[in-house]
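Input: a single structure, listed below in structure tokens.
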Amino acid sequence: MWLKCCYSSWWLSYGVHQRYNYIFNYRKWFQHDEQPFQDCCEQNNMCYLYRQRRPRNYCRGYRIPFRAWMFGDPHIQTLDGLKYSFNGLGEYSLLRVSNKTTNINMLEVQARTTQAKNANGTLINATIFSAFAMKDFITNTSAQVELASDEKTLVIYHNGIDKTSDFQARSNYSLTDPDLFIIRNSDNQTNQSVSLTFTSGVDVSVTVGIRMLAVTVSLPEDFKNTTVTSGLMGVYNDNKTDDLTTPNGTVLPENSSERDIFYNFGQHWAINTSLFKYPKGFSNADYTDTSFVPLFIDKNSEIYKKALQICKADDNACIYDYIATGDESIAKATESLDTEARDDFQAARNTAPEISGEETIKIIINQTTTAILNVTDAENDTFRILKQQGSEYFNVSKNGSDITLSIYLMHSNAVNISIVANDDKNASSAEFIMTIMLCSGCSGHGNCIEDNPVIRTENFVLQSCNCEDEYAGDNCEKNLDGCRGDPCPGIGTCLDLSPEEHRARNTSFRCNCPLGYVLNNATFRCLDINECDSNLTCEHSCINTEGSFKCSCRSGYQLVNDTQCENIDECSLSTYKCKQLCNDTEGSYTCDCYEGYSLESDGSCTQNNISSNSVCFNKCIGTAGCREENGQPVCFCYSGYTLKDNSSCVDTNECLDNPCEGACTDLNGTFECSCLPGKKVFQSTKCVECDEEHFGEKCEGDCNICNEKSTERCDKVSGCICNEGWKGNKCETDIDECESASVCSADEICENQNGTYECKCQSGYKKEENKCVDIYIEAVIRADCINYAGGYECKCRSGYKKKGNICEDVDECANKVDGCEHTCVNTDGSFQCECFSGYMLGIDRKNCIKMKATCHVVSNNSLLRKVIFQSKITTILNKMSLQLIHLKIKQVFNMADSCGFKDGDSIQLIFDSVPHQIRDLSLRACEMHASDAKCQNLNCSDTCDINNGTASCRCKRFYEFDPATNDTCRAIDNCSPNPCTNGTCQNVTVSFKCVCEIGYKLANDKITCKPCDIYTYGYNCNMTCDCVKGSCDPVKGCICNAGYIGVKCDTRKDFCAENIGSCDNKTSECVNGEQNYTCVCKDGYFKTESGSCQICLEKKYGKDCSLTCPCKESCDHISGNCTGRIRFDSSGKYK
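Quick note on full-length UniProt numbering: the sequence shown kicks off at 1 and runs consecutively.
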């Protein structure tokens, strides 16, 4: 379990437990720790749910980690705060950590010192830190940090692999493996800094100072109890009196002199087993000088007095560095670090105050509420209370360790209230955040409840009101609306009752029913009264209707005064079917014939046989017949005709008398009534509406033809009214909305569906808040997934190449693309350069620099050469100070040579003559002298390398021995044969480089030119296409699909603007499509087979002329309003 700490300004706000450490297991941390927090607290207002599972931890009793400091001409502040100086020259154990129970070595940090220089570059009698090596033995993880040769930058190794180039290339560099996290800190001006954190919690931070390194090391506080620490950093146990403990357990007093610390403590921590990585041919001995004696302060010297003018009297570190270097800037830098180390130690020893008390407080608006809290301080320091969030809403009073918060809120907006306790050492408690349970007071008509809060944030809850039955509203400020929610279903009307009536009647509403209905008190529905059950009003029959009734009459009668039935005189209305005579009867009529005619069953009359003596014989030819009247022949016509000139019958236009309720059409001998669409003829002359199953002319249209799923309703006039997205007489045809380009945005794809459409995001996008946004793809192992508009491309990281679905290592050394001056060693995902024996890597980590070790310095002394070696060697060495002996060893060696002694004899004489503590150094000096002699004897034209004691001439990388001389080096033509695939090879100073054509990119192997992926183009594929509707050409960029333009193909082409006049603006409008335009007929027009738009035919109107006019004659072809005029003339031409 890990603890994430949150900070507000400079104080600790609170912590929260997390399952995973984000440094060492980022993916699981993000999935299980960070994502829930983002979802609940950042993206949604549900942080209270997160806090139920992950409650706050206020880190009470927390102290900042203890840190040991090492800086300047080595000045050390141990983990327990002891300060001392140690100027040993070599490699030392700073810290060793072992398990207290098992005694197993857990971790070690080693330091390297080198002789210091003043501003002029002259060596001085002091040392500085120049490198640190560290190893976690439990995880077998190691790291090394060195001061580079420029004395301004850092050299970084991780598990023996050089990471310097990557570290220097990125100011935000970080490296994470399962056991170590390395991060480049924000550079302070020009000073580089790096932090190295192990999974054990040990943190090492190294910073570049003025020609030196400074380091801080912090350990988890529980190491005091679980581990044993030793080394120059001391014993970590809150007791600085034992910090000067030697490896054999001897403890020096904490007030020991610098000389005692140097000889009797510091030198004893010289390493036996090195953690450092050395240049070829070098070892610990090349960096160690046990004979070096540093400067010890003489308080009577003039320079000491001058140092006191620059430094504080008690700042021995500053004083020492000024005396040693004469450089005020170094002294001041040391003073600053010394002050920081002291403040850091004091802060680490101080425990911050703690605030305790009830975190949740209940508050009523416009009422003062108090909260009593308590502050404790482990060191009993005085403290003050600092208001933080919501300071304007509360006052603070203090009584000893008790503090009282008087809180007054006058509104219901969410607020946070918090305080911090700050002691007189400037240590601050965790921020104490109140959780506010706010009640509005409910207007005196209710009480607050915790369930279903109105507002809920992480630290604020506006409680909801539980109102009395007669009141409502968030604050119970309203009378209960009894009619809310329509408690009176159907046709009843609701009457809201006042709170007093509500309380008296025990109900908040009353339902009133209209006339013709009665209230059902159980369901509050108004039920229809069947008036026909007791109706005595209707003369013939009663038909019950919703809320009323209506009277109806038997056939042959018509309703008058809504209740009475009177006989219909069919004879006078000419609605009978008799040919000659009509006799009205009650409720009907009968047909009859003139004398001399016989009545047939269909109402027609057949003439009887007539004699020649009849007055009608051969009379009334051209009429319907002849009848005798008063002895005279009388001509007559059939019903519906009128006698003309007593000789012919002409049709009677019954329509002139307006017999029809609807339209009247005169026919030969009769007439016919018709009704508007949506109605049909009833009782010959009346019109009644179509029933629910029929529509149109004469109600002959069958509503059952309408497609059930795509029809909104069946209109009594027009028939099937289609749902949106459908068309056709039966609503059987889907409308393809995608034919119009305007329905979806440019970054969407329109997909037609039955009755509708859907705007879907293109591949690589997803819908968020009704917009298409790019899908982010998380990076995979050894690859970085680059997000592009509508897609992504996972590319192997530098140093890897793709093989199938994995990224495998590129062997830069085999490909000869490393640029190393001497030798190249391939590593996973990279490479590192190494140098021949006697060389070290330069700042660029590729070129090699000749090294000179301390033991190489030879200073000839003519006086010594005049001394007889055998008799005087011991005397001379004894007269030398210890610090000069190491400078004279090789002089003695040279003198022995001049006196004719053999090398072996010379070495033995030296060993017999010098102090024991510098014999190893002497041997190393002689070894290197011998090595130099071997290389000098070869007289190499380029470089010399020594392997296993054997020297050989070598050529630098990318050079070879000239076959003509076999001892000089010549440059190799690395471009023959061409190593570049799909590219051009160019020789450069070291190695070669491959150049790719436009549309290609140099792959990570640096020798293959690969075509640009589908998202990039241009030189080295460094341009991004981001094509919305188009494809990416590797040379030109976006090639747009038909219908789209723009750099990103994100703008629809305006075909209508390009084809102005192609559509008849009077009858149609131009609509842009995906790849063309379409002339869409306006309302009141329909498209003909030729593609033109024509005005609606007679009695049709609306979109696509699909609606029928509800008019006797004609209607407006757009609105359907009746016009009363014929739209077309007799020839069919529009008038």
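By construction, the Cβ of each residue, glycine as well, lies at the ideal position given by its N, Cα and C atoms. All values reported here derive from a predicted model rather than from experimental measurement.
Could you give the DSSP three-state label for residue i: helix, strand or coil?
i    : result
Q31  : helix
T810 : Here the sequence assigns Val to residue 810, which means Thr is not the residue at that position. If DSSP states are grouped into helix, strand and coil, V810 belongs with coil.
G596 : coil
T606 : strand
P279 : coil
T642 : strand
Q762 : coil
A896 : At A896 the pLDDT is 48, less than 50, meaning the model places this residue with poor confidence; the figure from the coordinates comes in the next sentence. Residue state, collapsed to three classes: helix.
P294 : coil
V415 : coil
S745 : coil
E654 : helix
T176 : strand
G829 : coil
Q580 : coil
A779 : Here the model assigns A779 a pLDDT of 45, short of 50, so the residue's position is not dependable and the matter cannot be decided.
L923 : Low per-residue confidence applies at L923: pLDDT is 46, beneath 50, and the placement is therefore not dependable, though the value from the model is reported in the following sentence. Residue state, collapsed to three classes: helix.
I330 : helix
N316 : helix
H268 : helix
N452 : coil
F166 : Here the sequence assigns Asp to residue 166, which means Phe is not the residue at that position. Residue state, collapsed to three classes: helix.
K387 : strand
D734 : strand
K934 : helix
R845 : coil
Of all the options the options, which has the alpha carbon lying nearest to the alpha carbon of residue i?
i     : options                 : result
K730  : L295, G701, T176        : G701
N530  : I1095, T288, C542, N284 : C542
V518  : L527, C511, R510        : L527
N1041 : V1035, D1050, L275      : D1050
N805  : N974, C794, N815        : C794
Y1017 : K1029, F30, G999, F181  : G999
K579  : E586, D592, I568        : D592
E629  : G603, S639, G596        : G596
N413  : C448, T339, L89, V454   : V454
C985  : T1008, C565, N966       : T1008
N646  : F223, G631, A624, C40   : A624
K716  : N103, L656, G678        : G678
E834  : E960, G160, M434, N248  : G160
D177  : E354, S193, H158, E654  : H158
If I'm right that residue i touches residue j with Cβ under 8 Å, what's the distance once you round it to whole angstroms?
i     : j    : result
I210  : S329 : 6 Å
G492  : F524 : 7 Å
A116  : A126 : 4 Å
I271  : Q110 : 6 Å
G1073 : S740 : 7 Å
L94   : L232 : 5 Å
I297  : Y320 : 6 Å
G249  : F86  : Actually they do not touch by this definition, with Cβ atoms about 19 Å apart.
C616  : C626 : 4 Å
Return the chain-ordered ranges of every alpha helix (DSSP H) run that is complete within the region 185-250 and spans a minimum of 4 residues. You should have 223-226.
Residue ranges of each beta strand (DSSP E) run of no fewer than 3 residues wholly in the region 942-1028, ordered along the chain? Those beta strand (DSSP E) runs which fall completely within the region 942-1028 and span 3+ residues are 943-947, 950-954, 959-961, 969-971, 983-987, 992-996, 1000-1002, 1009-1011.
Could you tell me which uninterrupted beta strand (DSSP E) segments, each at least 3 residues in length, are contained entirely in the UniProt domain "DSL" (688-731), listed from first to last along the chain? Here the runs fully enclosed are 711-715, 719-722.
Curious, which full-length alpha helix (DSSP H) runs of at least 4 residues does the UniProt domain "EGF-like" (479-523) contain? Qualifying alpha helix (DSSP H) stretches, in chain order: 499-505.
Three Cβ pairs or more, each shorter than 8 Å: is that satisfied between the region 1019-1027 and the region 1054-1066? Taking a cut-off of 8 Å on C-beta distances, the region 1019-1027 does not touch the region 1054-1066, as fewer than three cross pairs fall below it.
Could you tell me whether the region 408-420 touches the region 363-382, where touching means 3 or more Cβ pairs closer than 8 Å? Here the region 408-420 makes contact with the region 363-382; the two share three or more CB pairs at distances below 8 Å.
Indicate whether the contact test is met: 3 or more Cβ pairs, each with one atom in the region 199-218 and one in the region 137-157, closer than 8 Å. The region 199-218 is in contact with the region 137-157.
The region 136-145 / the region 294-309 touching (three or more Cβ pairs under 8 Å): No, the region 136-145 is not in contact with the region 294-309.
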